[in-house]
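Inspection log for the structure reproduced underneath, given as structure tokens.
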Amino acid sequence: MSKGEKTRQCIIEKAAPIFNVKGIAATSVEEVLHSAKVTRGCLYSHFETKEDLAASCVDYLLQVSSDTQKEVLGKQHAAKDKLFAYMDMAKNPLKSLFDGGCPIANLSTEADDTLPAVNKKVKKHIEAQIDLLTGLLEEGIRSGEFSADLIPEEYATKMFAAIEGANIICRVKNTVRPMQIIIKGFKRELECYCVNASTKDFNSTLNDKI
Amino acid sequence: MTKSERTKNFIIESMAEIFNKRGYAGTTMADVEIITGLSRGGIYGNFENKEVMALAVFDYNMGKLCNAIRDAMLVAHSYHDKIMVYAKVYKALYEDDFLLGGSPILNTATEADDTNSVLKEKAASASKNWQRCMMESIESGIESGEFKRGINIDQITFSILALIEGGLMLSRVAGDRSRMDQIMSTVEGMVNSIHA
């Protein structure tokens, strides 16, 4: 990484949490300059406008979220464990990966009416999240872990929507309880679709005999 | 209504959409001047500062949302329908039917959670109020025999509230009505599952 690239990256890393806490409209360039300890000339040599900087910060926030998620899910093998790990990552909305809470919720409510470029990025990220969850559920059905009664896209959409919604409710009320209750419900529901390993063995033995 | 009350209401009504769409921080006093056509002095004569105005606008938008809920409740005869009112009103928010810019609770909650404690408190109390109303509807539904006994009221209430908030957020970002429809049928299925 060249020195210029390093400076650019440093500005993004300092600015991203500020944008996430305060929102894009409420963050001033002065705050970013102060936090990144760079001059205005330096900042504008890397980013044309505040919107340009905000867009790079959005990419960064979403990328770090995806990377962290990939790492956590990568440690699990079974589809059920991966899905449970996904839910556990969301379990404390008051203590999230970044200050300011879930960037998806923060960015989407601000961007939906006012920032089409950011909205596009968040939309793409959300779709990728639902695809990821749908994929895990499909994989679980194929491998015989879940029953075929499970409808992957439906479960994925409602799980994603409820987690985001609970996130917002918890943060505004300063409590983690709604999220915990919701996660418990989704885990219990998924468990109902789990094909019990011993039953499966029993059935296959039965089939062998027949 | 005095002239000053009329001006105050005029400012609130004119700014309702902008505050809900751009947020508190994203709306400037210059925006207020342009939209209302009033001078800065005229505006400050009615509202001490932008925060006081934002709070009044939040109350106005919440009032619209609560009126929509109240109207729908009048024609909801079963407890099933009463619970579905919330989901239906959120669907109407997606359609920009009676309020432009989405849910004021959702918008204010995400903006104010870290930055403005007075607004945050307002959004929190609105959210708590809904939670209480929904729990009461479920309890009454159990007493009347419409819903099963022994169901987990907290679980159902939080699931429905989270689904409609998250579902609205998701469909507005995606600009996709089918997401909201999908969430609606999930909520409907949830309510069906507690029928006695």
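The listed protein sequences correspond, in order, to chains A and B.
205 is the number that this note's numbering gives to position 205 of the first sequence; each next residue is one higher, with no gaps.
Just add 1000 to the spot in the second sequence (first one is 1) and you have this note's numbering.
The beta carbon of each residue, even a glycine, is placed where N, CA and C say it ideally should be.
* Asked: Taking the C-alpha atoms as reference points, what is the distance between G1023 (chain B) and E110 (chain A)?
  -> 7 Å
* Got a sec, what are the start and stop residues for the alpha helix (DSSP H) A55 (chain A) sits in? -> K50 to G74
* In or out: G1102 (chain B) buried (at least 16 other Cβ within 10 Å) or exposed? -> buried
* To do: Evaluate the contact criterion for the region 1012-1031 of chain B versus the region 1040-1058 of chain B: three or more CB pairs, one atom per stretch, below 8 Å.
  => yes
* Asked: What is the residue span of the alpha helix (DSSP H) that H125 (chain A) lies within?
  -> P116 to R142
* To do: Report yes or no: is there a C-beta of chain B within less than 9 Å of the C-beta of V96 (chain A)?
  => It is worth fixing the name first, because residue 96 (chain A) is Ser in this sequence and not Val. No, its Cβ sits nowhere closer than 9 Å to a Cβ of chain B.
* **Under 8 Å (Cβ pairs) to chain B, residues found in the region 108-126 of chain A** => S108, T109, E110, A111, D112, D113, T114, N119, V122, K123 and I126
* Asked: Relative to the C-alpha of K120 (chain A), which residue among B:I1138, B:V1173 and B:I1160 is closest?
  -> B:V1173
* Asked: Secondary structure at F1158 (chain B), three-state DSSP: helix, strand or coil?
  -> helix
* Cβ neighbour criterion (16 or more within 10 Å) applied to A1196 (chain B) -> exposed
* Asked: So with Cβ pairs under 9 Å, would you call D59 (chain A) a contact of chain B?
  -> no
* **the region 52-62 of chain A in contact with the region 146-161 of chain A per 3-pair CB rule at 8 Å** => no
* Within the chosen definition, does the region 169-177 of chain A reach the region 1117-1133 of chain B through at least 3 CB pairs nearer than 8 Å? -> yes
* List the residues of chain B whose Cβ lies closer than 7 Å to the Cβ of N106 (chain A), in chain order. => T1110
* Asked: Cα separation between K80 (chain A) and L190 (chain A)?
  -> 8 Å
* To do: Just the chain B side, please: which residues come within less than 8 Å of E154 (chain A) by C-beta, in chain order?
  => Q1182 and T1186
* CA nearest to the CA of I18 (chain A), picked from A:Q9, A:K3 and A:V29 -> A:V29
* CB contact flag (M1180 (chain B), Y1044 (chain B), <9 Å) -> no
* To do: Measure from the alpha carbon of F186 (chain A) to the alpha carbon of each residue in A:E51, A:A25 and A:L83, then state which is nearest.
  => A:L83
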